[in-house]
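The opening residue of the sequence shown carries number -11 in this note's numbering; numbering runs sequentially from there.
One structure is given below, encoded as structure tokens.
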Amino acid sequence: MKLNVAKTFAISLAFFTISLSWTLYNTFVPIFFIGNEQIPGLIKSSAVLGVIMTIDNVFGLIFQPYFGSLSDKTNTRLGRRMPYIITGIPLAALFFMMIPFYSSVGTLFKFDLRLVFLMVSVICMNFFMSVYRAPATALMPDATPPALRSRANGIITAMGGFGTIIAFSLGGKLFNINPKYPFLMGGTIMIIALVVLMIFHKEPKEPYSADEDEKVKVVTGLFWGKNGNPSAISKTPSLLHMLLTVFFWYCGFECINAFFTLYCQEKFGLLPGDATQMLAPMAVIFMICAFPAGYVGGLLGRKKSMLIGNAVIVSTFVIIFFLEEKTLLPVLLGISGVGWSLMTTNAYPAVAEMAPKGQTGLYTGYYYVFTFAASISSPILYGLTADILKSQKYLFIFGFVMFALGMIFLFNVNKRAISGEGKD
């Protein structure tokens, strides 16, 4: 059985738009809120910033499983997932491009509405991201046999890494020229990617993840059973351990995403655009390693591959904490990119492997519920930590603790449950 690389590449464009926009959002929006020497801030507290940066994620927590499950039941001439993608991407791109105009538009009125305009823009953008994110991710298992999903997800993860590289490298340079430019660039690329996806990808009439007879499909809850059927975690205990693993991973990842520019400003005296470019090596290595990481998952098994990646992350984060100069920071972040690729490339296929046929969209929603729960809790917890310690210098220690907790839960995952031995 051979992977259709061209088809997988087309599918990956949807995830590419997610990665590009989220990276730009997480990197630069905190600067709009808290300010720097060039941009006047709207708030002063890191804890308040953490709360604001997670309000939008509540939409993802609420709507990801809903739209994922809804797309499982959708049947149109465009397919199951594409109606949500065609609706979500253009509207998300529109509100995304509106974000940096908060300063000029918000001062046109009698009252200062900059904060209101900024909040409306980010919340609407993230709502429409929630409309298409789970359906977009479910495109891959729909079109890919289980035995090839780690490899396919390697391509998709690599494209996500490419979006991150664009955000960190080109986005950082554009931000130093004009803070509006990265958002205009990102929104434009999102629309172009959608057009290419629509031209080159047609959903299969019979998805690999679909039920042979959808009329008899049994849908049950994650924690509570329905209609006399046991809950999902009762049937597959490893599902909860895997989702908790993902939760703590993203707690570590999201706090660094949200506060890295502030960390670099305080510890190394870097401008936001320059701090962003410090992350570029991590994104480059992540993209390069993502596709091989899928093959490693097939050879060593998903659990062992993720454990190796997890060990790399916790080791590099400890070293970064003790750095006194910025010279080695890009190198260590690049090494951590190897670990992150081994983890994320195999994590989603591991969750999808545990989904009953016809419920891939629902389980994709579960996956994103836990990532969004991390996005909500992590910046708040770290923001409080930074306020108490009156310093951003403990960012990577906080990340280390989160990834270490994720590793503990990963040890409890049954490797057969997530690898589909005999299939992968």
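By construction, the Cβ of each residue, glycine as well, lies at the ideal position given by its N, Cα and C atoms.
Keep in mind the model is a prediction, meaning the values are calculated, not measured.
Residue i versus the options, residue with shortest Cα-Cα distance
| i | options | result |
| --- | --- | --- |
| GLY151 | PHE3, GLU312, ALA405 | PHE3 |
| MET270 | PHE20, LEU321, TRP237 | LEU321 |
| SER57 | MET85, GLN347, LEU311 | GLN347 |
| LEU330 | VAL46, THR64, GLY285 | GLY285 |
| LEU369 | PHE358, GLU242, VAL110, VAL300 | GLU242 |
| ASN45 | GLY67, THR(-4), VAL110 | VAL110 |
Cutoff 6 Å; reference residue i; Cβ partners in own chain excluding five residues on either side
| i | result |
| --- | --- |
| PHE384 | PHE305, ILE308, PHE309 |
| VAL272 | ILE153 |
| PRO337 | ARG137, SER138, ASN141 |
| ASN14 | ASN245, ALA246 |
| PRO88 | PRO167, LYS168, PHE171 |
C-beta contact flag for residue i and residue j at 9 Å
| i | j | result |
| --- | --- | --- |
| GLY148 | SER7 | yes |
| ALA268 | ILE165 | no |
| ILE31 | LEU103 | yes |
| ALA(-2) | HIS189 | yes |
| VAL339 | ILE296 | no |
| GLY48 | THR359 | yes |
| SER324 | THR42 | no |
| ILE143 | THR249 | no |
| CYS252 | MET266 | yes |
| LEU185 | LEU(-9) | no |
| VAL302 | PHE236 | no |
Neighbour-count burial assignment, residue i, 16 or more Cβ in a 10 Å radius
| i | result |
| --- | --- |
| THR176 | exposed |
| ASP100 | exposed |
| SER92 | exposed |
| GLU194 | exposed |
| VAL(-7) | exposed |
| PRO133 | exposed |
| LEU96 | exposed |
| ARG69 | buried |
| GLU25 | exposed |
Span separating the alpha-carbon of residue i from that of residue j
| i | j | result |
| --- | --- | --- |
| ARG121 | GLY38 | 23 Å |
| LYS378 | ALA35 | 11 Å |
| LYS255 | PHE386 | 16 Å |
| VAL401 | THR224 | 10 Å |
| LEU398 | LYS291 | 7 Å |
| GLY353 | PRO18 | 27 Å |
| PHE156 | ALA263 | 9 Å |
| PHE115 | ILE40 | 15 Å |
| MET117 | PHE16 | 18 Å |
| GLN380 | GLY349 | 38 Å |
Neighbourhood of residue i by C-beta distance below 7 Å, restricted to the same chain and skipping five residues each side
| i | result |
| --- | --- |
| TYR72 | PHE55, SER59, VAL119, TYR120, PRO123 |
| ALA335 | VAL234, MET294 |
| LYS430 | Because the chain spans -11 through 412 in this model, residue 430 falls outside it and cannot be assessed. |
| ALA278 | GLY142, THR145, ALA146, GLY149, SER329, THR333 |
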